[in-house]
Each structure stands twice: as C-alpha cells, then as structure tokens.
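Comments concern the structure below.
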Amino acid sequence: MNRRAGIGFYVFLVVFVFLVMFPFIWVFLTSIKTPGEIFSSFRWFTNNPSLESYEAALTNRPLLRYMLNSFVVSALTTILALVFASLTSYALTRLPIKGKGLILGLVLAASMFPQIAIISPMFNLITDLGLRNSYLGLVIPYITISLPLAIWILATFFQKIPFELEESAKLDGASPFQTFRKIIFPLAAPGVFTTGILVFIAAWNEYLFALTINSDDLWRTVPVGISMYQSQYSIPWGDISAATVIVTIPIVILVLLFQRRIVSGLTSGSVKE
Amino acid sequence: MGNRKTPRFQLNEKQLGYAMVIPSLILVIVVVLWPVAQSFWNSLFDYRLNDPARSQLMLDSNIDLENYVDNHFYITKQLEGLESAADSDEAKSTVAAIEEGVNKYHSKLLSNEEIKAKVEKVDKLLMNFQPVTNPDLKYTKVDNDLAADYRKALKSYEADLVAIAESSGDEAVAQKFEQTADLLGSTSETILESNFIGLANYGKYLQDARMWRSIWNTTFFTVISVALELVLGLGIALLINRAFKGRGLVRASVLIPWAIPTAVAAMMWGFLFDGQSGIVGHYLEVLHIIPDASWLLSTSEGGMFSIILADVWKTTPYMALLLLAGLQTIPNSLYEASDVDGANKIQQFWRITMPLLKSSILVALLFRTLDAFRVFDLIYVLTGGGPANATESISIYAYKTLFAQQNFGEGSVLSVIVFLCVAIISFVYVKLIGSELFAGRTK
Numbered sequence: 072m073n074r075r076a077g078i079g080f081y082v083f084l085v086v087f088v089f090l091v092m093f094p095f096i097w098v099f100l101t102s103i104k105t106p107g108e109i110f111s112s113f114r115w116f117t118n119n120p121s122l123e124s125y126e127a128a129l130t131n132r133p134l135l136r137y138m139l140n141s142f143v144v145s146a147l148t149t150i151l152a153l154v155f156a157s158l159t160s161y162a163l164t165r166l167p168i169k170g171k172g173l174i175l176g177l178v179l180a181a182s183m184f185p186q187i188a189i190i191s192p193m194f195n196l197i198t199d200l201g202l203r204n205s206y207l208g209l210v211i212p213y214i215t216i217s218l219p220l221a222i223w224i225l226a227t228f229f230q231k232i233p234f235e236l237e238e239s240a241k242l243d244g245a246s247p248f249q250t251f252r253k254i255i256f257p258l259a260a261p262g263v264f265t266t267g268i269l270v271f272i273a274a275w276n277e278y279l280f281a282l283t284i285n286s287d288d289l290w291r292t293v294p295v296g297i298s299m300y301q302s303q304y305s306i307p308w309g310d311i312s313a314a315t316v317i318v319t320i321p322i323v324i325l326v327l328l329f330q331r332r333i334v335s336g337l338t339s340g341s342v343k344e
Numbered sequence: 067m068g069n070r071k072t073p074r075f076q077l078n079e080k081q082l083g084y085a086m087v088i089p090s091l092i093l094v095i096v097v098v099l100w101p102v103a104q105s106f107w108n109s110l111f112d113y114r115l116n117d118p119a120r121s122q123l124m125l126d127s128n129i130d131l132e133n134y135v136d137n138h139f140y141i142t143k144q145l146e147g148l149e150s151a152a153d154s155d156e157a158k159s160t161v162a163a164i165e166e167g168v169n170k171y172h173s174k175l176l177s178n179e180e181i182k183a184k185v186e187k188v189d190k191l192l193m194n195f196q197p198v199t200n201p202d203l204k205y206t207k208v209d210n211d212l213a214a215d216y217r218k219a220l221k222s223y224e225a226d227l228v229a230i231a232e233s234s235g236d237e238a239v240a241q242k243f244e245q246t247a248d249l250l251g252s253t254s255e256t257i258l259e260s261n262f263i264g265l266a267n268y269g270k271y272l273q274d275a276r277m278w279r280s281i282w283n284t285t286f287f288t289v290i291s292v293a294l295e296l297v298l299g300l301g302i303a304l305l306i307n308r309a310f311k312g313r314g315l316v317r318a319s320v321l322i323p324w325a326i327p328t329a330v331a332a333m334m335w336g337f338l339f340d341g342q343s344g345i346v347g348h349y350l351e352v353l354h355i356i357p358d359a360s361w362l363l364s365t366s367e368g369g370m371f372s373i374i375l376a377d378v379w380k381t382t383p384y385m386a387l388l389l390l391a392g393l394q395t396i397p398n399s400l401y402e403a404s405d406v407d408g409a410n411k412i413q414q415f416w417r418i419t420m421p422l423l424k425s426s427i428l429v430a431l432l433f434r435t436l437d438a439f440r441v442f443d444l445i446y447v448l449t450g451g452g453p454a455n456a457t458e459s460i461s462i463y464a465y466k467t468l469f470a471q472q473n474f475g476e477g478s479v480l481s482v483i484v485f486l487c488v489a490i491i492s493f494v495y496v497k498l499i500g501s502e503l504f505a506g507r508t509k
C-alpha cells in the first residue's frame, strides 16, 4: 500500500509523535524547574532553569549505584542466556533430534508462566543459597524470563541461514560442532546481537524479582530504586523527574543506535517471511 | 567426518543436538517448572513464614527435640517440687496425675528406637551446653495421633495448674504453679502438628469476595486495554504503512515507551495524574472531562482509567510495530488487482488486509493478553492496588498475601489461580492460532 504521503499525513505524524513523547517532554521540563515552581504552577517553560533536582536525585538516593546494579545483572543475564540459547536454538532448528515441537512448546509455555507463580519458591531457594542482596540472586531468577525469550527469537534467526552451508562444510570434513562454531554461529552473529539487546532490555526492566529478592537499598535495580523515591509522607516530584530523565537517557541512546535491530527482533516471532 | 591424523572422540549430529539442548532444558526445569510445582505443593499447607510452628511444610507431625528435651528435664524436677509444696490433697493428686501422664507419653515417645537414640544424643549435647545445629537431629517425625494427644494433654495440664494457682491462697506457691504451667505450655508448642490442609485454602479463596474482585479487575483491565491497543495499533500501522520522510524518528519515538521500565513509566504517569501538580489531571479538569484533578487517582473509576491509559500509552506503539511488520508482508499486487475489480477501501480492508493479517494479530494478541493479565509493576507503582482495592489485580493480591502477610500457603493458592487463568488463556489462543505458531522454527 505505497500511497504518497500528503500534508495531512505529516500533521498526523507530528501529533502522534508529540502525544507519545509528551510524558517525557513534560517530565524533562519539570526536572529543570525549581522545587517551589513544580508545586505552584502548570507553566510549561521555566524562566530560571536549575539543576537542583538533579543534585537531589543523585544525593538523596544511590541512583548511580542502582544503574550499576541494573547494568551488571542485565549484562550477566544476557551473556548466560545467549550462551545456552544459541546452542539450543541451533540444535532445535538444524540438527536431527526428536521432540523438537515438544521442546519448543515447553520453552513457549515457560515464557508464558506468570512470575508470581514462581516467586515464592524462588525466594526460598535464593534465601537458602544465601544469595539475597547479591547480583547472582537476581541472575538466577532472570533465567526464567531471558532463556525462553532468547531461544524463541534466536530460533528464527538460525532458521534463515541457508542449509547448503552445512552440506558443504560436511563435505569438507568439518565435525558438526565445528560447523556450528565456525560457519553458522558467525553468520548468526547479527541475530545473536539483536537477541542480546532484547534480553538486556527485558532484564533491565524486571520488577517483581528485584523487588522481593534484593530488598537492601544498595542492591536495588533501577526500576525498584525509582519506585522507592516516593515516601509515605511526601512525593518529591522534582527528584523523581530528574531521576527519570537520568535513567531514560541510556535507553534512548540504546534505541537510537539499534532501532532497526530491535524492530527486526521484536517482529521476527510474529511474522512469517 | 573421519579425521585421519588424530582420531578423536566426536559426537555425531544427533548426539551433539541432544548435548546442546539438555543444558537449557535442565535450566528451564529447575527455574520454571520446579518452582511452579513447588507453588502448587505449598498451596496445600498452612504455611506462614512469620509463625515458627508453621514455617515449614510438615506432612507428618514433628517434635522440636532441642527444646522438648530441655523442657522435659525441668518438668520432672518442677513437678516433684510442686507435689511437696501443694497445700491441699486435691492439688497433690492433680500434680501426681500430671506426673504420671507426662511419664506415660514420654515413654511412649521413646518406645520408638530412632527417637530414643536422637533424644540421647540431644541430651548429651545439651548437657555440654552445645546448640543442636543438625536439623535432622533437632526435628524428628512422630506419629500424628501421639503428637496430637500429647499436645492436647500438655495443654490441659497447663490449664489444671493455672486453676490451682488461682485458687491457692499462698502467693509463693501460686507462683511456683504458674511457672510450671508456663513450662508445660511452652513444651506443648515444641510438638508441631502437621500443617497439611489439602484443598482447604482453595475452598476459602473460592468464597473470598476480594479474590473475585481482583479477578474481575484483572479481566476488565486486560480486555479493555488490549482491545484499545489493538484498534489504535492497527489504525496507526495502516496509516504509517507507506513511504514517508522521517520513518526513523517515528520508529524511535515508538520504541522508547516500549523500552523504558514499566516502573519508570508508572512513576511518570503517577506524576502526570497527580491530584495537585499533575498536568493531565489539570487539563482534563479544565476541559471538564473529569469532575476534578484528584478524580484520577482517588476514585475507583479514575484509578482504573489511569492504569488503562498508562498501559495503552506504553504498549500501543509496540502493537503497531508488530502489525506494521505483518502488513508489510501483504503483496501490493493484491490491492492493485482488487482496484481493477472496483473494490473500495473498506472492502479491501475486510477482504484482503484482515484475513492475511489474522495470524499476526492473533500472535500479538496472545502475548499482549498474557502480559496484561499478569500485570503487576504498573499497578503496584501507580496505585498500589487502591483506592480501596479498586485496581487490585490478582498478581498484586497474591504478592501482598505472600510478602506483606508472609503467608506462603494462602499466597501460593492465589499464584496458582493466576497460573491456571494464564494456562486457560494460552490454551484458547494456541488452539486459535494452531500450528502456525511454530512455523519458521522447526524444519
């Protein structure tokens, strides 16, 4: 449906993008107001921009520590998931094993399981292992989210690589594992990278496990840390706005750099090509 | 595949395939299947983390030997002391009866060789003032009937002694009796009866109004927000499915709400919806769409409206992306051919676009419906389930029971209910989608 885009269309686009971005715009404009102004007026632009809220956001709570925690946990989760998932998806798509449908069904089912049904035994397990308030204490439960997601997306990428390559590698005397390591895996690298981004974002955004398992303030991740800025008695909207801007910037950069990959990864599971 | 120079052990394709699948399978079983099974199991017990007598799953009755043996040592001594201190014959005979009873139950307990051996070991440790660290030694299984009888007997002895203490005129004597009564009472607490209650918790929750309310809230939220996201997402996808300048900008702006953590989005919307300084509440009030700005987060309808709006904002772009990808696989020639045949746009939409987009829509709906039904962080951060539980989803209710009340038995019942609902929803969708779900993944 390649219709030409008219002026009305661009007006629609501008309105659409504005509506989608409006919360970010407003939160950014709030973050540079002085605390007094936030509570007294609904003016869009402040006359005397200040960084007071940013200073408060960084000093009242260990926001940079939250970001470090989130980064370490998400990175470890991503690496683990990619290692296990690339082996499994390769076997599922390209090697002659039995029960593929069953295994994929299990993986899909695992990704649909509600986290709330897993949380209490997982909480007991992590407590018994003495891993509460540690990075590993979150990486283990995050496998429940990351591994099925990674297998599911990677399987489509492996499927797209031509099967003739294996045939010729076989003829040249490569062992099955050599074929995987030297021929197929390098070709799938862009897909693996894309999967990595999606798994990283999923781990970065997780809330329920992080909330229950890492309850010590020094070990909180970004989503939990941000939600703890509000106290029972007051809600420091200035701090919250500034903190939101700070934690959103890395995500904006990630999205701007890799938007094509993210879209291809997101849609790979839903469209037949 | 032979390697002439260095014959090494090599896996053939099939063996390698299994070797590559097994690690992930084990992980999935350990971190997903086992915990869900454990939740089912936990839900059959009266299991509370904050109650020492019920903080473990006990199919059989147990005795806390460390405390029991320690207490028993003092009981015998104190009872002998009481017999001589008692000021009436009646009291004397009661004490004697208690002594006899305790001895009877104690020897019954020791008639089990295993328990007897354990008791001797614990005794030795206690004599040397050493703690009992081995859990197998500290707790021992005991016959259910014996445990129940002994516990009941100790309780009634406690009551007997309290009665004597109250009727006694001599204060010193009364105090002695009270002390022993306390000791008997605490000894009865060392006998832990089985907390296996079968399906009783389920019966309780099936009649629980709050549970049904939270199921209704979750269903309402899921149906309304997913329906809105589908309609809006499809509209946006149809509109932007064409060549235009600035695709990259639109794509990025669509991806950012999807990429930010739900908790962060919920905090932002919490600010926009705020009754005093929230801009959305303010504008809606000025436009007379809502009665006043505080309506959004302080009334039942407002709370539900707020979480649905925030969810639609966060996930409509994602839905549009999925559907756009589906639209782009429909060949243009189909539309051209129908143009020649004189079909109008509406006919084209219903006869060409919808049938060919059906599987994309169903897959997108499957994932969105499940996500929406499991909703936790958005509601937890934005409204906390309030006001007055009006926005409490079933996951929130389960979380509160599990971690705020520390009631792992009842909380597990609720999480099993979430699990069953999700299983039913997936089953229906997978039936609708059929084998296409796996297309493109296996040969």
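Chains A and B, in that order, give the protein sequences. Its first residue numbered 72, the first sequence is counted upward by one per residue in the numbering used here. Its first residue numbered 67, the second sequence is counted upward by one per residue in the numbering used here. All C-beta atoms in this analysis are idealised placements derived from N, C-alpha and C, irrespective of residue type, glycine included.
Three-state class that DSSP yields for residue i in the structure shown
i, result
"Asp130 of chain B", "strand"
"Ile306 of chain A", "coil"
"Arg114 of chain B", "strand"
"Leu258 of chain B", "strand"
"Tyr465 of chain B", "helix"
"Phe87 of chain A", "helix"
"Val488 of chain B", "helix"
"Val198 of chain B", "coil"
"Tyr271 of chain B", "helix"
"Asn473 of chain B", "strand"
"Val208 of chain B", "strand"
"Ala293 of chain B", "helix"
"Phe442 of chain B", "coil"
"Pro167 of chain A", "coil"
C-beta neighbour in chain B for residue i, strict 8 Å
i, result
"Thr338 of chain A", "yes"
"Met92 of chain A", "yes"
"Leu177 of chain A", "yes"
"Asn276 of chain A", "yes"
"Trp97 of chain A", "yes"
"Ser298 of chain A", "yes"
"Ser191 of chain A", "yes"
"Pro185 of chain A", "yes"
"Val334 of chain A", "yes"
Minimum Cβ-Cβ distance from residue i to chain A less than 8 Å
i, result
"Thr457 of chain B", "no"
"Arg440 of chain B", "yes"
"Leu298 of chain B", "no"
"Arg317 of chain B", "yes"
"Glu79 of chain B", "yes"
"Val102 of chain B", "yes"
"Gly369 of chain B", "no"
"His348 of chain B", "yes"
"Phe286 of chain B", "no"
"Gln342 of chain B", "yes"
Residue j beta carbon less than 8 Å from that of residue i
i, j, result
"Leu203 of chain B", "Lys174 of chain B", "no"
"Ala274 of chain A", "Ser335 of chain A", "no"
"Phe415 of chain B", "Thr284 of chain B", "no"
"Leu387 of chain B", "Asn307 of chain B", "no"
"Tyr205 of chain B", "Ile129 of chain B", "yes"
"Gly262 of chain A", "Ala127 of chain A", "no"
Backbone CA spacing between residue i and residue j [nearest angstrom]
i, j, result
"Ile168 of chain A", "Ser157 of chain A", "16 Å"
"Arg203 of chain A", "Val295 of chain A", "15 Å"
"Asn195 of chain A", "Gly264 of chain B", "21 Å"
"Ser154 of chain B", "Leu250 of chain B", "21 Å"
"Tyr84 of chain B", "Asp437 of chain B", "32 Å"
"Ile414 of chain A", "Gly452 of chain B", "Given that chain A is displayed from residue 72 to residue 344, the structure contains no residue 414 of chain A and the question cannot be resolved."
"Pro307 of chain A", "Tyr300 of chain A", "7 Å"
"Phe229 of chain A", "Val318 of chain A", "34 Å"
"Ser159 of chain B", "Ser150 of chain B", "11 Å"
"Gly475 of chain B", "Ser177 of chain B", "34 Å"
Are three or more beta carbon pairs between the region 443-461 of chain B and the region 344-354 of chain B nearer than 8 Å? Contact between the region 443-461 of chain B and the region 344-354 of chain B is absent: fewer than three C-beta pairs spanning the two stretches fall below 8 Å.
Would you check if there are 3 or more beta carbon pairs closer than 8 Å linking the region 170-182 of chain A to the region 232-242 of chain A? Contact fails: fewer than three Cβ-Cβ distances are below 8 Å.
I want to know whether the region 177-194 of chain A touches the region 276-296 of chain A - three or more CB-CB distances under 8 Å. As far as the Cβ criterion goes, the region 177-194 of chain A touches the region 276-296 of chain A, which means the pair count is three or higher.
Three or more beta-carbon pairs under 8 Å between the region 254-272 of chain B and the region 470-486 of chain B, yes or no? The region 254-272 of chain B makes contact with the region 470-486 of chain B: 3 or more CB pairs, one atom from each, lie closer than 8 Å.
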